[in-house]
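Q: Our numbering puts the first residue of the sequence shown at 3, with every later residue one more than the last.
The beta-carbon is built from N, C-alpha and C at its ideal position, and this holds for glycine as well.
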Amino acid sequence: MEMKKKTLIKRAQDLAKPFRVTDGDGFRLKDFDPGNTLEFGAEDKPRSKEVLTLGIETLAELQDKLYAQNRWAVLLIFQAMDAAGKDGAIKHVMSGLNPQGCQVYSFKAPSAEDLDHDYLWRCMKSLPERGRIGIFNRSYYEEVLVVRVHPQILANQRIPQSLVTKDIWKERFQDIRAFESYLARNGVAICKFFLNVSKKEQKRRFLERLETPDKNWKFSANDAKERDFWDDYMNAYEDMIRSTAAEHAPWYVVPADNKWFTRVVVAAAVVSTLDTLDLAYPKVSKEKLKELAAVKKTLVGGKAEAAAAS
Ligand code: ATP
Ligand code: MG
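If you want it as structure tokens, here you go:
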């Protein structure tokens with residue numbers, strides 16, 4: 003059993019590793035193929051479901067220890083273009099988790115209250131507690147993505163003019179790196195996902211959303227407009243990964259043209275991350291063991307009493 007678990011974790015590490023970026027130097031998005039499925043062919047799709055199920059079971063066991071140990075917090079960040087499959091990946095991978103130990107936050111366009119603060123404010127309020135897994139569906143990284151692609155959004159942030167210079171993106175990367183180091187030093191394990199979908203596959207999924215009544219709600223005209231800015235977004239994503247990948251806060255550039263493969267890689271990466279934390283159930287002290295033995299004795303005795311009484 004223990005052996006089987008070790009094999010599974012090793013398998014997860016092997017699956018996730020090709021997509022992990024821990025050092026941004028020389029990172030180029032074009033080296034990562036959105037259609038990559040490693041050694042899995044389309045005929046392996048059913049088998050990938052089994053792999054995913056095993057991954058999810060392993061994840062549930064690790065989460066149970068994370069919660070019991072109550073020392074580490076885990077922060078999973080998801081960023082992607084529309085229709086890359088963020089929601090589906092989150093839904094599938096987290097399906098086996100104990101909801102009590104898991105929190106999901108979706109960051110939409112900031113509210114008036116958000117805009118009255120610095121940009122990390124709303125994210126800091128939603129950081130996971132120790133023992134828990136927090137999922138950010140979008141995050142402060144939007145501040146170097148959509149905000150960079152659309153200068154009007156930055157203008158609306160009411161930052162004092164003298165502070166908005168040509169260095170602003172470099173400064174934001176610096177601040178994000180500092181923030182993530184701070185979190186890591188406080189026991190927050192960070193794992194970041196860029197679901198890398200191709201422009202062609204996005205178009206196919208948009209058309210599917212338009213043609214399927216049950217998927218219509220997922221489509222907004224604005225999503226299609228953002229396609230005009232595709233290259234700007236890709237440049238922003240590349241610069242973001244280059245500038246913020248770190249050993250303690252890796253980016254996973256996950257191929258996203260095949261949903262089944264995306265989910266397997268995300269599950270594998272989360273398993274690998276949890277495995278690095280040395281999770282274990284808290285050791286019970288001698289006194290506590292004695293106490294438990296005493297309680298057991300009373301309970302067993304009580305059962306005998308009840309049987310005698312009836
Ligand atoms: P779905 O897959 O359901 O469309 P979504 O995450 O795209 O989910 P939306 O309701 O479309 O959700 O809203 C997210 C929008 O909010 C995105 O266009 C995103 O760029 C924008 N957004 C998120 N954070 C910020 C931010 N800090 N500043 C400006 N816009 C932001
Ligand atoms: Mg959207």
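Just mark Y254 as buried or exposed, buried being the case when its beta carbon has 16 or more other beta carbons within 10 Å.
A: Counting from 1 along the sequence shown, the entry for residue 254 is found at position 252. By the 10 Å Cβ count, Y254 comes out buried.
Q: Just to confirm, are V199 and W171 a CB contact at a threshold of 7 Å?
A: Looking up residue 199 in the sequence shown gives position 197. Looking up residue 171 in the sequence shown gives position 169. Going by C-beta atoms, V199 is not nearer than 7 Å to W171.
Q: Where does V256 sit, in a helix, a strand or coil, going by DSSP?
A: Sequence index remark: in the sequence shown, residue 256 carries index 254 (1-based). Strand.
Q: Quick check on the DSSP output: what are the complete alpha helix (DSSP H) runs of length 4 or more inside the segment 119-165, in order along the chain?
A: Entirely contained in the segment 119-165, the alpha helix (DSSP H) runs reaching 4 residues are, in chain order, 123-126, 148-151, 153-157.
Q: Can you tell me which of the three DSSP states K194 falls into?
A: On the sequence shown, residue 194 is found 192 positions in, with the first residue counted as 1. DSSP places K194 in strand when its eight states are reduced to three.
Q: Any heavy atom of ligand 1 closer than 6 Å to the Cβ of V148?
A: Within the sequence shown, residue 148 is the residue found at index 146, counting from 1. At least one heavy atom of ligand 1 is nearer than 6 Å to the Cβ of V148, so yes.
Q: Count the other C-beta atoms from every protein chain shown that fall within 10 angstroms of the C-beta of S141, then say buried if there are 16 or more, exposed otherwise.
A: Along the sequence shown, read from residue 1 onward, the residue named residue 141 stands at position 139. Buried, by the Cβ-count rule.
Q: Counting pairs of beta carbons, one from the segment 193-208 and one from the segment 71-81, are three or more of them closer than 8 Å?
A: A contact exists between the segment 193-208 and the segment 71-81.
Q: Whose C-beta lies closer than 6 Å to the C-beta of N260 among residues of the same chain, with five residues either side of it excluded?
A: Against the sequence shown, residue 260 aligns to sequence position 258. For N260, where only same-chain residues beyond five positions count, the Cβ hits under 6 Å are T39.
Q: Do three or more CB pairs link the segment 203-210 to the segment 93-111 at distances below 8 Å?
A: No contact exists between the segment 203-210 and the segment 93-111.
Q: Measuring only the C-alpha atoms, how far is R132 from E213?
A: Numbered from its first residue, the sequence shown carries residue 132 at position 130. Numbered from its first residue, the sequence shown carries residue 213 at position 211. Approximately 44 Å, taken between the alpha carbons.
Q: Out of curiosity, what's the CA-to-CA distance linking Q105 and D116?
A: Residue numbering aside, residue 105 sits at position 103 when the sequence shown is read from its first letter. Residue numbering aside, residue 116 sits at position 114 when the sequence shown is read from its first letter. So the two alpha carbons sit approximately 20 Å from each other.
Q: May I have a chain-ordered list of the beta strand (DSSP E) segments no shorter than 3 residues that lie completely inside the segment 232-285?
A: Here the runs fully enclosed are 253-257.
Q: By DSSP, does R73 sit in helix, in strand, or in coil?
A: Position 71 of the sequence shown, counting from 1, holds the residue named residue 73. Of the three classes helix, strand and coil, the one that applies to R73 here is coil, per DSSP.
Q: Per DSSP, which one or two residues make a beta bridge with F80?
A: The residue you call residue 80 lines up with position 78 of the sequence shown. BP columns for F80 point to N139, F195.
Q: Could you tell me which of G26, G103, D84, D89 sits nearest to L64, measuring between CA atoms?
A: Taking the first residue of the sequence shown as 1, we reach residue 64 at position 62. It is G103.
Q: Using a Cβ-Cβ cut-off of 7 Å (strictly less than) and excluding sequence neighbours within five positions of F42, which residues of its own chain qualify?
A: As a position in the sequence shown, residue 42 is number 40, starting the count at 1. Closer than 7 Å at the Cβ level, and outside the excluded window around F42, lie S50, F263.
Q: Could you please give me the residues that DSSP links to Q105 through a beta bridge?
A: By 1-based counting over the sequence shown, the position of residue 105 is 103. DSSP, once it has assigned bridges, lists G136 as partnering Q105.
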